[in-house]
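Residue numbers (our numbering): 1399 to 1626. Note that CB positions come from ideal geometry on N, CA and C, so glycine has one too. As structure tokens, the structure follows; a few thoughts come after it.
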Ligand code: DC
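Put into structure tokens, the structure is as follows:
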């Protein structure tokens, strides 16, 4: 199915499976995928590299405003570039993960990145974006809004597998994840919340392919209702 100019928003807490689902749906439907968490991580990483204060809204806002995010030229699989280069793997490091919620809570950073995300969406002709505020703030007019969730334990277990850690790390991962959930859902500016018109999918006990199937089915219904 070719989902012409379909815009899909996927929101939810850490470890709910948003990026795996979004990537697979993007491939199946021929959409561009934008991982907005990677942009918050990239700004956090850059601030740390430059030894900037992570508490200063003005400095961080200026950093976010002056950082350039563009698509790679690769028509088939567009990738996000930062200042013309691939985004470094270090954005997934524990040092960045620990601080990214703090940086993402600054309104100055959110305003700058939101505008950039909207611009990237406009130039993509059909996009699936994942994050925390996509359906509520970045693409409130999205054709399809999905809110993915799962129990805290399941989300921490998935993270444990991703990081190649053993079960002894689970309680610590659950504590860190609960703290990040709390910070992301209680911050003042565009907190993690469910858009009133979002479809909620609890992925606890579901496989990746089951969730992908569900999202594709919702997207197909929208295309059918538009007569495509
Ligand atoms: O999805 P992730 O774990 O890579 O996101 C990193 C952080 O960025 C997370 O703490 C929440 C924040 N974030 C946000 O506030 N808004 C978004 N649209 C995406 C991520």
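Quick check: is any heavy atom of ligand 1 less than 7 Å from the C-beta of residue i?
i            : result
residue 1529 : yes
residue 1491 : no
residue 1438 : yes
residue 1623 : no
residue 1532 : yes
residue 1412 : yes
residue 1578 : yes
residue 1459 : no
Taking the alpha carbon of residue i as the point to measure from, which residue in the options has its own alpha carbon closest?
i            : options                : result
residue 1417 : 1571, 1520, 1557, 1459 : 1557
residue 1559 : 1571, 1583, 1485       : 1571
residue 1413 : 1475, 1426, 1545       : 1545
residue 1410 : 1616, 1618, 1534       : 1534
residue 1569 : 1555, 1578, 1487, 1519 : 1555
residue 1493 : 1452, 1427, 1404       : 1452
So, at 7 Å on beta carbons, what are the nonlocal neighbours of residue i in its own chain, with the 5 sequence-adjacent residues on each side left out?
i            : result
residue 1510 : 1459, 1462, 1463
residue 1567 : 1558
Spatial neighbours of residue i within its chain, please: CB distance less than 8 Å, with the 5 preceding and 5 following residues excluded, ordered by chain position.
i            : result
residue 1441 : 1458, 1461, 1462, 1465, 1501, 1507, 1511
residue 1553 : 1411, 1412, 1413, 1414, 1575
Taking Cβ positions only, does residue i come closer than 8 Å to chain D?
i            : result
residue 1539 : Checking the listed chains, one finds no chain D in this structure; it contains a single protein chain.
Return the Cβ separation of residue i and residue j in integer angstroms, given the expectation that the two are a contact with Cβ distance under 8 Å.
i            : j            : result
residue 1489 : residue 1576 : The pair is not a contact, with the Cβ atoms about 22 Å apart (cut-off 8 Å).
residue 1420 : residue 1431 : 6 Å
residue 1602 : residue 1549 : 5 Å
residue 1541 : residue 1620 : 5 Å
residue 1588 : residue 1528 : Going by Cβ atoms, the distance from residue 1588 to residue 1528 rounds to 15 Å, so no, they are not a contact pair.
residue 1536 : residue 1515 : 5 Å
residue 1614 : residue 1498 : In fact, because the Cβ distance is near 30 Å, the residues do not count as touching under 8 Å.
residue 1478 : residue 1467 : 6 Å
residue 1617 : residue 1406 : 7 Å
Enumerate in chain order the residues of its own chain whose CB-to-CB distance from residue i is below 6 Å, with the five nearest sequence positions on each side excluded.
i            : result
residue 1522 : 1430
residue 1455 : 1504, 1506
residue 1606 : 1418
residue 1585 : 1503
Go through the stretch 1591 to 1622 residue by residue and report every complete run of the beta strand (DSSP E) that reaches 3 residues or more, in order.
With a minimum length of 3 residues, the continuous beta strand (DSSP E) runs that stay inside the stretch 1591 to 1622 are 1597 to 1600.
Please go through the stretch 1538 to 1583 and give each complete alpha helix (DSSP H) segment of 4 or more residues, from N-terminal end onward.
1550 to 1561
Uninterrupted beta strand (DSSP E) stretches inside the stretch 1427 to 1458 (no shorter than 3 residues)
1430 to 1433
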